[in-house]
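Novice:
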Amino acid sequence: MTAVRTLRGPLLLTLTLLVAWQVLHQWAGDTALTAPLPTLEHLWEMIGQKRFLPHLSETGLAFLQALVIAWAGGVGIGVLLGGHRLTGEVAEPILVGLYSLPKITLYPVILLLFGLGMSAKVAFGALHGIIPVALFTMNAVRNVNRTYLRAGRAMRLSPAQTGWHVLIPATLPEIFTGLRIGFSLTLLGTMLGELFASQRGLGFLLMTAIDLNDVQTILAIAVLISLFAVAANSILLAIDKRLHRGAAA
Amino acid sequence: MSKAGWIRLVVLAAFFGAVEALCRTGVISPKLVIAPTAMVEAMVKLLGSGELNPDIRQTLSSVGIAMGLSVTGGFALGCVLYWLPPLRRTVDPFLAAYYSLPHFAFYPLLIVIFGLGALPLIVLATLFAMVAMIMATLSGLDRIPRVLIKTARMQRLSLPAEIWHIRLPAAAPHLFSGLKLAVTYSFIGVIAGEFILSTSGLGHQIAYAYDNFDNRTMYGLILLVLCIATAFNLLVFAYERRLARQRGQ
Numbered sequence: 000m001t002a003v004r005t006l007r008g009p010l011l012l013t014l015t016l017l018v019a020w021q022v023l024h025q026w027a028g029d030t031a032l033t034a035p036l037p038t039l040e041h042l043w044e045m046i047g048q049k050r051f052l053p054h055l056s057e058t059g060l061a062f063l064q065a066l067v068i069a070w071a072g073g074v075g076i077g078v079l080l081g082g083h084r085l086t087g088e089v090a091e092p093i094l095v096g097l098y099s100l101p102k103i104t105l106y107p108v109i110l111l112l113f114g115l116g117m118s119a120k121v122a123f124g125a126l127h128g129i130i131p132v133a134l135f136t137m138n139a140v141r142n143v144n145r146t147y148l149r150a151g152r153a154m155r156l157s158p159a160q161t162g163w164h165v166l167i168p169a170t171l172p173e174i175f176t177g178l179r180i181g182f183s184l185t186l187l188g189t190m191l192g193e194l195f196a197s198q199r200g201l202g203f204l205l206m207t208a209i210d211l212n213d214v215q216t217i218l219a220i221a222v223l224i225s226l227f228a229v230a231a232n233s234i235l236l237a238i239d240k241r242l243h244r245g246a247a248a
Numbered sequence: 000m001s002k003a004g005w006i007r008l009v010v011l012a013a014f015f016g017a018v019e020a021l022c023r024t025g026v027i028s029p030k031l032v033i034a035p036t037a038m039v040e041a042m043v044k045l046l047g048s049g050e051l052n053p054d055i056r057q058t059l060s061s062v063g064i065a066m067g068l069s070v071t072g073g074f075a076l077g078c079v080l081y082w083l084p085p086l087r088r089t090v091d092p093f094l095a096a097y098y099s100l101p102h103f104a105f106y107p108l109l110i111v112i113f114g115l116g117a118l119p120l121i122v123l124a125t126l127f128a129m130v131a132m133i134m135a136t137l138s139g140l141d142r143i144p145r146v147l148i149k150t151a152r153m154q155r156l157s158l159p160a161e162i163w164h165i166r167l168p169a170a171a172p173h174l175f176s177g178l179k180l181a182v183t184y185s186f187i188g189v190i191a192g193e194f195i196l197s198t199s200g201l202g203h204q205i206a207y208a209y210d211n212f213d214n215r216t217m218y219g220l221i222l223l224v225l226c227i228a229t230a231f232n233l234l235v236f237a238y239e240r241r242l243a244r245q246r247g248q
């Protein structure tokens, strides 16, 4: 019963989107928007093709590297800034300022610095993801309840024990929210990086399809990326909610 | 100014000073990055020559329209979702995954529907920025303290009075962060669209300068865009500060 209730919303949404897609197709015609079913068939066929795989793995690899850099770097910077008060106060407005810059304008600079290819995409993806992770981690570390630390000291915990039994459980929910947001932004950054000046990857296929006005391929790739994004996000969101509920209890 | 503020100033000055020195001595090749003072000089020259005025006007008006639409529309939709919890539960997973969707894949569709020119870019940027405002509105309305609403009941405020005097001011901090995100996302939407699929506008001019190895123009333009976005953010920030001070925080 609860499964039905939790699944009802997403199912209803999927259905609405599919119907809207079909209606738009009827209205706009095949040149603008192919119908849902042929598009999904085309996607299936594309995945089966041998020349599709290198593109998929290129994008996946770029995204994974960017994600590792953004997560590890962001948590590292955040712990450093959260642990040392003055450093955090100095750096926070700078980070917030960088976060609210339209980073897309910096892409040509990244291309000049890293050259065409994999490293530019990774750098651009990581650039998008690292700042929110750092900001969330910093706030999490800064807001650790002092009583917990004092209790730890009263029980004569070693630094390692304090870290494992006190700091990690206290900061994890907040940090995970940062990681989740960092995930989405890194994906956005990597995809944007692939759209311009790239020779391989899903973004490249998308640009080629746009140039050829191959609507079916455009939509098929869009659907593929969207499915991945929504699925990964739902999983992360579910973990996030569970962690927060555990922390509140 | 606080101690942290002074240190921040010194750190930033040292950073730009170091970049300047490295560029002027040729350690960093001008093919990669030009000196910060040269960027400012290029920007001033570009503004003075007036040859890019039509592009600047086009981009800024597109961003402005997209911003206005996404802020008002996002606020209205956020309120609607807040009053209709079942609808909100349904679209929640969609909203959460929204920013990892590849929006630019839908650009060809927008061109077919709205024709070439500024309109599809405005629509793209509006769709891109609106969801940030929706989410900010929702979290703002969610976090109004119960006490305030009870106070409103006790004073027998009418619904409009309650919204104007209690709910909006209480949600204001979240609305402002939504506003700031909407600014950034409008810029990203318009400029990224101009990068790939446009023949005019600042984004196109940056891409054009990049393609022609015209680093002076490119960095001048990038600096210009960043300055405009930062100026707007600072404006919102100053207003936010003033509001907070009025409330004695």
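Note that the protein sequences, when read in sequence, are chains X and C. So in numbering that gives the first Met the number 0, spot 136 of the first sequence is number 135, and the numbers just go up one at a time. So in numbering that gives the first Met the number 0, spot 217 of the second sequence is number 216, and the numbers just go up one at a time. Here a beta-carbon is modelled for each residue, glycine too, at the ideal position from N, C-alpha and C.
Within the continuous alpha helix (DSSP H) that includes residue 102(X), where are the two ends?
Specialist: As a first step, residue 102(X) is located in the first sequence; it is residue number 103 there, counting from the start. Unbroken run through residue 102(X): none, as it is neither H nor E.
Novice: Over the uninterrupted alpha helix (DSSP H) stretch that includes residue 139(X), give me the two end residues.
Specialist: Here residue 139(X) corresponds to residue number 140 of the first sequence, with the count starting at 1. Its alpha helix (DSSP H) spans residues 117-141.
Novice: Alpha carbon to alpha carbon, how far is residue 56(C) from residue 243(C)?
Specialist: For the purposes of this step, residue 56(C) is taken as residue 57 along the second sequence, with counting starting at 1. For the purposes of this step, residue 243(C) is taken as residue 244 along the second sequence, with counting starting at 1. Each residue's alpha carbon lies about 34 Å from the other.
Novice: For residue 208(C) versus residue 194(C), is the C-beta spacing smaller than 8 Å?
Specialist: As a working note, residue 208(C) is residue 209 in the second sequence. As a working note, residue 194(C) is residue 195 in the second sequence. Contact flag unset, no.
Novice: For residue 50(X), count the other beta carbons within 10 Å of its own beta carbon; 16 or more makes it buried, fewer makes it exposed. Which is it?
Specialist: Counting from 1 along the first sequence, the entry for residue 50(X) is found at position 51. So residue 50(X) ends up on the exposed side.
Novice: Which residues in chain C have a C-beta closer than 7 Å to the C-beta of residue 88(X)? List them in chain order.
Specialist: Here residue 88(X) refers to the residue found at position 89 of the first sequence. Per Cβ cutoff of 7 Å: 3.
Novice: Looking at the secondary structure, which residues open and close the alpha helix (DSSP H) in which residue 183(X) lies?
Specialist: By one-based count along the first sequence, residue 183(X) stands at place 184. That run of the alpha helix (DSSP H) goes 167-194.
Novice: Taking the straight line between their C-alpha atoms, what separation do you get for residue 218(C) and residue 33(C)?
Specialist: Taking the first residue of the second sequence as position 1, residue 218(C) is located at position 219. Taking the first residue of the second sequence as position 1, residue 33(C) is located at position 34. Rounded to whole angstroms, residue 218(C) to residue 33(C) spans 8 Å at the Cα level.
Novice: Just verifying my parser: in three-state terms, what is the DSSP assignment at residue 213(C)?
Specialist: Taking the first residue of the second sequence as position 1, residue 213(C) is located at position 214. Residue state, collapsed to three classes: coil.
Novice: Which chain X residues are close to residue 105(C), counting only those with a beta carbon under 7 Å from its beta carbon?
Specialist: The count along the second sequence starts at 1 and reaches residue 105(C) at position 106. What residue 105(C) touches in chain X: 221.
Novice: Below 7 Å between beta carbons is the criterion; list the residues of the region 14-35 of chain X that meet it against any residue of chain C, in chain order.
Specialist: 27, 30, 31, 32
Novice: Could you tell me whether the Cβ of residue 58(X) comes closer than 8 Å to any Cβ of chain C?
Specialist: Working through the first sequence from its first residue, we reach residue 58(X) at position 59. No - not a single Cβ of chain C is within 8 Å of the one on residue 58(X).
Novice: Grab the span of the alpha helix (DSSP H) containing residue 87(C) for me, first residue to last.
Specialist: Taking the first residue of the second sequence as 1, we reach residue 87(C) at position 88. Segment 84-96, the alpha helix (DSSP H) holding residue 87(C).
Novice: Would you say residue 91(C) reaches chain X, if we count a Cβ-Cβ gap shorter than 8 Å as a contact?
Specialist: Start at 1 with the first residue of the second sequence, and residue 91(C) comes out as number 92. Yes, because at least one Cβ of chain X sits closer than 8 Å to the Cβ of residue 91(C).
Novice: Nearest chain X C-beta to residue 26(C) closer than 8 Å, yes or no?
Specialist: Numbered from its first residue, the second sequence carries residue 26(C) at position 27. Residue 26(C) does not count as touching chain X.
Novice: In angstroms, rounded to a whole number, what distance separates the CA positions of residue 161(C) and residue 148(C)?
Specialist: Position 162 of the second sequence, counting from 1, holds the residue named residue 161(C). Position 149 of the second sequence, counting from 1, holds the residue named residue 148(C). Roughly 8 Å separates the two Cα atoms.
Novice: Would you call residue 163(X) buried or exposed, if buried means 16 or more other Cβ atoms sit within 10 Å of its Cβ?
Specialist: Reading the first sequence from its first residue, position 164 is the one you call residue 163(X). Exposed, since its Cβ has fewer than 16 Cβ neighbours within 10 Å.
Novice: Here's the rule I'm using: 16 or more other beta-carbon atoms within 10 Å means buried, otherwise exposed. How should residue 17(X) be labelled?
Specialist: Translated into the one-based positions of the first sequence, residue 17(X) becomes position 18. Residue 17(X) comes out exposed.
Novice: Using only alpha-carbon positions, find the residue among 228(X), 213(X), 21(X), 143(X) that is nearest to residue 36(X).
Specialist: Position 37 of the first sequence, counted from the first residue, corresponds to residue 36(X). Among 228(X), 213(X), 21(X), 143(X), the Cα nearest to that of residue 36(X) is on 21(X).
Novice: Would you mind telling me which residues of chain C sit closer than 8 Å to residue 100(X), beta carbon to beta carbon, in chain order?
Specialist: Looking up residue 100(X) in the first sequence gives position 101. The answer, in chain order, is 183, 225, 228, 229.
Novice: Using the Cα positions of residue 26(X) and residue 108(C), report the straight-line distance between them to the nearest angstrom.
Specialist: Against the first sequence, residue 26(X) aligns to sequence position 27. Against the second sequence, residue 108(C) aligns to sequence position 109. The straight-line gap from Cα to Cα measures roughly 12 Å.
Novice: Are residue 70(C) and residue 132(C) close, meaning C-beta to C-beta below 8 Å?
Specialist: For the purposes of this step, residue 70(C) is identified with residue 71 of the second sequence, where counting begins at 1. For the purposes of this step, residue 132(C) is identified with residue 133 of the second sequence, where counting begins at 1. Yes, the pair counts as a contact, with Cβ atoms nearer than the cut-off.
Novice: Please report the straight-line C-alpha distance between residue 76(X) and residue 170(X), rounded to a whole angstrom.
Specialist: Taking the first sequence and counting its residues from 1, one reaches residue 76(X) at position 77. Taking the first sequence and counting its residues from 1, one reaches residue 170(X) at position 171. Near 14 Å, if we compare the C-alpha coordinates of residue 170(X) and residue 76(X).
Novice: For chain C, is any of its Cβ atoms less than 8 Å away from the one on residue 200(X)?
Specialist: One-based indexing of the first sequence puts residue 200(X) at position 201. Answer no: the Cβ-Cβ gap between residue 200(X) and chain C never drops below 8 Å.
Novice: Kindly indicate which three-state DSSP category residue 0(X) falls into: helix, strand or coil?
Specialist: The residue given as residue 0(X) occupies position 1 in the first sequence. Below a pLDDT of 50, predicted positions are generally treated as unreliable, and residue 0(X), at 49, falls in that range; the measurement from the model is reported next regardless. Of the three classes helix, strand and coil, the one that applies to residue 0(X) here is coil, per DSSP.
Novice: With a CB to CB cut of under 6 Å and the five nearest residues on each side skipped, what residues in its chain are close to residue 120(C)?
Specialist: On the second sequence, position 121 is the one that residue 120(C) refers to. Result list for residue 120(C): 61, 189, 192, in chain order.
Novice: The alpha helix (DSSP H) spanning residue 29(C) covers which residue range?
Specialist: Taking the second sequence and counting its residues from 1, one reaches residue 29(C) at position 30. For residue 29(C), no alpha helix (DSSP H) segment is defined, and its DSSP state is neither H nor E.
Novice: Does any CB atom of chain X fall closer than 8 Å to the CB of residue 232(C)?
Specialist: What you label residue 232(C) is simply residue 233 of the second sequence in a count that begins at 1. Residue 232(C) counts as touching chain X.
Novice: Thinking C-beta only, is residue 90(C) closer than 8 Å to residue 100(C)?
Specialist: Working through the second sequence from its first residue, we reach residue 100(C) at position 101. Working through the second sequence from its first residue, we reach residue 90(C) at position 91. Not in contact: residue 100(C) and residue 90(C) (Cβ atoms no closer than 8 Å).
Novice: How would you label residue 44(X), buried or exposed, when you count the other beta carbons within 10 angstroms and need 16 or more for buried?
Specialist: Here residue 44(X) is taken as the residue at index 45 of the first sequence, counted from 1. Exposed is the call here.
Novice: Measuring alpha carbon to alpha carbon, tell me which of 192(X), 223(X), 124(X), 220(X) ends up nearest residue 180(X).
Specialist: In the first sequence, residue 180(X) corresponds to position 181, counting from 1. Of the listed residues, the one whose Cα sits closest to residue 180(X) is 124(X).
Novice: According to DSSP, is residue 213(X) part of a helix, a strand, or is it coil?
Specialist: Taking the first residue of the first sequence as position 1, residue 213(X) is located at position 214. In the structure shown, residue 213(X) sits in coil (DSSP, three-state: anything other than H, G, I, E or B).
Novice: Cβ atoms of residue 59(C) and residue 220(C): under 8 Å apart, would you say?
Specialist: The count along the second sequence starts at 1 and reaches residue 220(C) at position 221. The count along the second sequence starts at 1 and reaches residue 59(C) at position 60. It is not a contact, given that the beta carbons lie outside the stated cut-off.
Novice: Tell me which residues of the region 200-226 of chain C have at least one Cβ-Cβ distance to chain X shorter than 7 Å, keeping chain order.
Specialist: For the region 200-226 of chain C, which is checked against every Cβ of chain X, the residues closer than 7 Å are 205, 209, 217, 221, 224, 225.
Novice: Please tell me whether residue 70(C) has its Cβ less than 8 Å away from any Cβ of chain X.
Specialist: Residue mapping note: residue 70(C) aligns to position 71 of the second sequence, counting from 1. By this cut-off, residue 70(C) is not an interface position.
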